[in-house]
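Peer 1: Residue numbering for the sequence shown is 1 to 234, as defined by UniProt numbering.
No residue lacks a Cβ here, since even glycine has one placed at the ideal position from N, Cα and C.
Structure incoming, see below.
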Amino acid sequence: MPECRGRKIRLTVSHEQDICSPGVGRLFVVCLTVLIILFGMLLGIFPGNHLKGNLHAANLSEYDIKAAFVYNFCLFTEWPADTCPAPDTPIYLLVVGNDDLRDSFLKINGKKAGKRTLDVTFFNPREDILYNPREDTLFNPHENTVDEKALRRFHMVFFSEDVDAKFLTEMIMVIGDYPVLTLGETRDFIQKGGMVNFFEKNMRLLFEVHNNRVMTSHIRLSSRLLKLAIIVTD
(Lines of atoms letter the chains of each structure in order from A; the text may use other names.)
(Lines give C-alpha, C1' and ligand atoms only; values in the text may rest on other atoms or scores of the structure.)
Protein backbone atom coordinates (compact mmCIF):
# COMPACT_ATOMS: atom_id res chain seq x y z
CA MET A 1 0.00 0.00 0.00
CA PRO A 2 1.60 3.36 -1.02
CA GLU A 3 2.01 5.92 1.72
CA CYS A 4 -0.71 8.58 1.68
CA ARG A 5 0.14 11.97 3.07
CA GLY A 6 -2.43 13.31 5.49
CA ARG A 7 -2.99 16.60 7.29
CA LYS A 8 -1.67 17.76 10.61
CA ILE A 9 -4.62 17.85 12.97
CA ARG A 10 -5.64 18.62 16.52
CA LEU A 11 -7.08 15.73 18.48
CA THR A 12 -9.88 16.53 20.91
CA VAL A 13 -12.32 14.38 22.82
CA SER A 14 -15.97 15.30 22.52
CA HIS A 15 -18.48 14.60 25.26
CA GLU A 16 -21.03 17.00 23.79
CA GLN A 17 -24.04 14.73 24.22
CA ASP A 18 -24.55 12.05 26.81
CA ILE A 19 -26.76 9.29 25.44
CA CYS A 20 -28.74 9.43 28.70
CA SER A 21 -29.16 13.22 28.72
CA PRO A 22 -32.56 15.03 28.56
CA GLY A 23 -33.82 15.23 25.02
CA VAL A 24 -32.53 11.81 24.05
CA GLY A 25 -36.08 10.48 24.46
CA ARG A 26 -37.25 12.76 21.66
CA LEU A 27 -34.30 11.72 19.53
CA PHE A 28 -35.16 8.09 20.17
CA VAL A 29 -38.71 8.71 18.94
CA VAL A 30 -37.34 10.33 15.77
CA CYS A 31 -34.99 7.39 15.20
CA LEU A 32 -37.78 4.94 15.89
CA THR A 33 -40.00 6.68 13.33
CA VAL A 34 -37.26 6.40 10.73
CA LEU A 35 -36.55 2.79 11.56
CA ILE A 36 -40.22 1.79 11.40
CA ILE A 37 -40.39 3.26 7.90
CA LEU A 38 -37.11 1.70 6.80
CA PHE A 39 -37.93 -1.69 8.25
CA GLY A 40 -41.30 -1.45 6.58
CA MET A 41 -39.54 -0.71 3.33
CA LEU A 42 -37.21 -3.67 3.80
CA LEU A 43 -40.16 -5.93 4.59
CA GLY A 44 -42.22 -4.60 1.70
CA ILE A 45 -44.76 -2.68 3.78
CA PHE A 46 -43.82 0.74 2.35
CA PRO A 47 -42.94 1.04 -1.35
CA GLY A 48 -39.62 2.75 -2.00
CA ASN A 49 -41.09 5.72 -3.88
CA HIS A 50 -43.02 6.75 -0.76
CA LEU A 51 -39.97 6.77 1.48
CA LYS A 52 -39.01 10.40 1.27
CA GLY A 53 -42.54 11.65 1.72
CA ASN A 54 -42.93 9.58 4.87
CA LEU A 55 -39.67 10.89 6.28
CA HIS A 56 -40.50 14.50 5.46
CA ALA A 57 -43.84 14.05 7.16
CA ALA A 58 -41.90 13.08 10.29
CA ASN A 59 -39.99 16.43 10.12
CA LEU A 60 -36.63 14.78 9.52
CA SER A 61 -33.62 16.43 7.92
CA GLU A 62 -31.68 15.03 4.99
CA TYR A 63 -28.94 13.79 7.31
CA ASP A 64 -31.48 12.28 9.71
CA ILE A 65 -32.60 10.17 6.77
CA LYS A 66 -29.08 9.21 5.75
CA ALA A 67 -28.05 8.45 9.33
CA ALA A 68 -31.04 6.11 9.59
CA PHE A 69 -30.01 4.41 6.36
CA VAL A 70 -26.47 3.98 7.68
CA TYR A 71 -27.85 2.46 10.87
CA ASN A 72 -29.87 -0.01 8.82
CA PHE A 73 -26.72 -0.96 6.95
CA CYS A 74 -25.34 -2.00 10.36
CA LEU A 75 -28.33 -4.28 10.82
CA PHE A 76 -28.10 -5.88 7.39
CA THR A 77 -24.33 -6.19 6.96
CA GLU A 78 -21.96 -8.98 7.98
CA TRP A 79 -18.25 -8.41 8.53
CA PRO A 80 -15.51 -11.06 8.75
CA ALA A 81 -15.32 -12.79 12.11
CA ASP A 82 -11.86 -11.42 12.88
CA THR A 83 -13.20 -7.85 12.79
CA CYS A 84 -15.89 -8.72 15.35
CA PRO A 85 -14.14 -11.17 17.69
CA ALA A 86 -16.95 -11.16 20.27
CA PRO A 87 -20.75 -11.23 19.80
CA ASP A 88 -21.00 -7.81 21.46
CA THR A 89 -18.06 -6.17 19.69
CA PRO A 90 -19.16 -2.60 18.83
CA ILE A 91 -19.65 -1.53 15.24
CA TYR A 92 -17.29 1.41 14.76
CA LEU A 93 -18.50 4.12 12.37
CA LEU A 94 -16.37 7.06 11.27
CA VAL A 95 -18.27 10.09 9.92
CA VAL A 96 -16.08 12.41 7.84
CA GLY A 97 -17.41 15.89 7.08
CA ASN A 98 -18.38 19.24 8.54
CA ASP A 99 -20.30 19.74 11.75
CA ASP A 100 -23.69 20.07 9.99
CA LEU A 101 -24.23 16.32 10.03
CA ARG A 102 -23.05 15.63 13.57
CA ASP A 103 -26.41 16.07 15.33
CA SER A 104 -28.07 13.61 12.96
CA PHE A 105 -25.44 10.91 13.44
CA LEU A 106 -25.38 11.43 17.20
CA LYS A 107 -28.98 10.20 17.16
CA ILE A 108 -27.80 6.74 16.14
CA ASN A 109 -24.69 6.72 18.34
CA GLY A 110 -25.04 4.06 21.04
CA LYS A 111 -27.97 2.33 19.32
CA LYS A 112 -28.09 -1.44 19.30
CA ALA A 113 -27.58 -3.45 16.12
CA GLY A 114 -28.43 -6.92 17.36
CA LYS A 115 -26.05 -7.58 20.25
CA ARG A 116 -23.63 -4.92 19.04
CA THR A 117 -23.62 -1.21 19.83
CA LEU A 118 -23.02 1.42 17.16
CA ASP A 119 -20.06 3.61 18.17
CA VAL A 120 -19.76 6.83 16.13
CA THR A 121 -16.62 8.95 15.71
CA PHE A 122 -16.51 12.29 13.85
CA PHE A 123 -13.70 13.84 11.84
CA ASN A 124 -13.94 17.36 10.39
CA PRO A 125 -11.21 17.72 7.72
CA ARG A 126 -11.80 21.47 7.32
CA GLU A 127 -11.00 22.21 10.95
CA ASP A 128 -8.58 19.28 11.24
CA ILE A 129 -10.31 18.06 14.39
CA LEU A 130 -11.11 14.49 15.34
CA TYR A 131 -13.92 13.95 17.86
CA ASN A 132 -13.37 10.52 19.31
CA PRO A 133 -14.97 9.41 22.59
CA ARG A 134 -12.67 6.37 22.71
CA GLU A 135 -9.54 8.55 22.51
CA ASP A 136 -8.02 6.33 19.81
CA THR A 137 -5.61 7.99 17.40
CA LEU A 138 -6.81 7.97 13.81
CA PHE A 139 -3.97 10.16 12.51
CA ASN A 140 -0.43 10.73 13.68
CA PRO A 141 -0.12 14.54 14.00
CA HIS A 142 3.62 14.35 14.65
CA GLU A 143 4.49 12.55 11.43
CA ASN A 144 1.65 14.17 9.45
CA THR A 145 0.60 10.84 7.91
CA VAL A 146 -2.56 8.79 7.84
CA ASP A 147 -2.49 6.08 10.50
CA GLU A 148 -3.56 3.13 8.36
CA LYS A 149 -3.90 0.64 11.21
CA ALA A 150 -6.24 2.89 13.19
CA LEU A 151 -8.37 3.79 10.16
CA ARG A 152 -8.84 0.14 9.27
CA ARG A 153 -10.24 -0.62 12.72
CA PHE A 154 -13.49 1.07 11.70
CA HIS A 155 -16.23 -1.11 10.24
CA MET A 156 -17.86 1.75 8.30
CA VAL A 157 -16.81 5.19 7.05
CA PHE A 158 -19.35 7.76 5.83
CA PHE A 159 -18.00 10.66 3.72
CA SER A 160 -20.16 13.78 3.37
CA GLU A 161 -20.31 15.71 0.11
CA ASP A 162 -18.11 18.55 1.40
CA VAL A 163 -15.03 16.33 1.80
CA ASP A 164 -12.16 17.41 -0.46
CA ALA A 165 -11.89 15.07 -3.45
CA LYS A 166 -8.15 14.49 -3.02
CA PHE A 167 -8.53 13.78 0.69
CA LEU A 168 -11.40 11.37 -0.05
CA THR A 169 -9.29 9.50 -2.58
CA GLU A 170 -6.42 9.23 -0.10
CA MET A 171 -8.71 7.83 2.60
CA ILE A 172 -10.18 5.23 0.25
CA MET A 173 -6.68 4.23 -0.89
CA VAL A 174 -5.64 3.71 2.73
CA ILE A 175 -8.69 1.52 3.38
CA GLY A 176 -7.96 -0.54 0.28
CA ASP A 177 -9.50 -4.02 0.38
CA TYR A 178 -9.82 -4.09 4.15
CA PRO A 179 -13.34 -4.96 5.42
CA VAL A 180 -14.41 -1.35 5.89
CA LEU A 181 -17.75 -0.41 4.31
CA THR A 182 -17.36 3.01 2.66
CA LEU A 183 -20.46 5.18 2.15
CA GLY A 184 -20.77 8.57 0.47
CA GLU A 185 -23.12 11.04 -1.16
CA THR A 186 -21.35 12.48 -4.21
CA ARG A 187 -21.99 11.72 -7.86
CA ASP A 188 -18.57 10.17 -8.45
CA PHE A 189 -18.16 8.41 -5.09
CA ILE A 190 -18.36 4.93 -6.62
CA GLN A 191 -15.93 5.94 -9.36
CA LYS A 192 -13.47 7.08 -6.68
CA GLY A 193 -13.50 3.62 -5.12
CA GLY A 194 -16.44 3.87 -2.69
CA MET A 195 -18.90 1.05 -2.05
CA VAL A 196 -22.27 2.68 -1.27
CA ASN A 197 -23.49 6.03 -2.56
CA PHE A 198 -26.66 7.94 -1.60
CA PHE A 199 -28.32 10.27 -4.10
CA GLU A 200 -31.64 11.94 -4.85
CA LYS A 201 -33.68 11.40 -7.98
CA ASN A 202 -37.20 12.68 -8.60
CA MET A 203 -37.59 13.59 -4.91
CA ARG A 204 -36.53 10.11 -3.84
CA LEU A 205 -33.53 9.12 -1.76
CA LEU A 206 -31.84 6.19 -3.47
CA PHE A 207 -28.57 4.38 -3.04
CA GLU A 208 -26.24 2.52 -5.35
CA VAL A 209 -23.92 -0.30 -4.34
CA HIS A 210 -20.76 -1.63 -5.96
CA ASN A 211 -21.36 -5.11 -4.58
CA ASN A 212 -18.32 -6.70 -6.23
CA ARG A 213 -16.15 -4.22 -4.33
CA VAL A 214 -18.05 -4.99 -1.13
CA MET A 215 -17.51 -8.73 -1.55
CA THR A 216 -13.83 -8.26 -2.40
CA SER A 217 -13.49 -6.73 1.06
CA HIS A 218 -15.15 -9.85 2.54
CA ILE A 219 -18.24 -7.90 3.59
CA ARG A 220 -21.69 -9.34 2.96
CA LEU A 221 -24.79 -7.20 2.46
CA SER A 222 -28.18 -8.79 3.04
CA SER A 223 -30.16 -9.68 -0.07
CA ARG A 224 -33.04 -7.65 1.37
CA LEU A 225 -30.82 -4.59 1.41
CA LEU A 226 -29.51 -5.24 -2.08
CA LYS A 227 -33.07 -5.46 -3.43
CA LEU A 228 -33.46 -1.78 -2.57
CA ALA A 229 -30.16 -0.79 -4.19
CA ILE A 230 -29.07 0.11 -7.69
CA ILE A 231 -26.25 -2.36 -8.33
CA VAL A 232 -23.16 -0.90 -10.00
CA THR A 233 -20.65 -3.23 -11.63
CA ASP A 234 -18.03 -0.80 -12.90
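According to DSSP, is residue 163 part of a helix, a strand, or is it coil?
Peer 2: Coil, per DSSP.
Peer 1: So, helix, strand or coil for residue 169, using DSSP?
Peer 2: helix
Peer 1: Within 10 Å of its beta-carbon, does residue 86 have 16 or more other beta-carbons around it, so buried, or fewer, so exposed?
Peer 2: exposed
Peer 1: Smallest Cα separation from residue 107: which of 115, 65, 76, 84?
Peer 2: Minimum Cα distance to residue 107 is reached at 65.
Peer 1: In whole angstroms, what separates the C-alpha of residue 190 from that of residue 76?
Peer 2: One Cα belongs to residue 190, the other to residue 76, and the distance between them is close to 20 angstroms.
Peer 1: Going by DSSP, what residue range makes up the beta strand (DSSP E) through residue 154?
Peer 2: Careful: residue 154 lies outside any beta strand (DSSP E) and carries neither H nor E.
Peer 1: Closest by CA to residue 82, which one among 198, 124, 152?
Peer 2: 152
Peer 1: Going by the CB atoms, is the gap between residue 230 and residue 206 shorter than 8 angstroms?
Peer 2: yes
Peer 1: Return the residue from the list 78, 97, 101, 114 that minimises the CA-CA distance to residue 123.
Peer 2: 97
Peer 1: Just the Cα atoms here: how many angstroms apart are residue 155 and residue 213?
Peer 2: The alpha-carbon separation between residue 155 and residue 213 amounts to approximately 15 angstroms.
Peer 1: Quick check on the burial criterion: 16 or more other C-beta atoms within 10 angstroms. Buried or exposed for residue 202?
Peer 2: exposed
Peer 1: If residue 125 sits next to residue 163, beta carbons under 8 angstroms apart, how far is it from one beta carbon to the other, in whole angstroms?
Peer 2: Correct: roughly 6 angstroms between the Cβ atoms.
Peer 1: Looking at C-alpha atoms only, which residue of 103, 92, 101, 99 is the closest neighbour of residue 117?
Peer 2: 92
Peer 1: Pop quiz: residue 185 and residue 167 are said to be a contact at Cβ under 8 angstroms. What is the actual Cβ separation, rounded to whole angstroms?
Peer 2: The Cβ separation is near 15 angstroms, so there is no contact.
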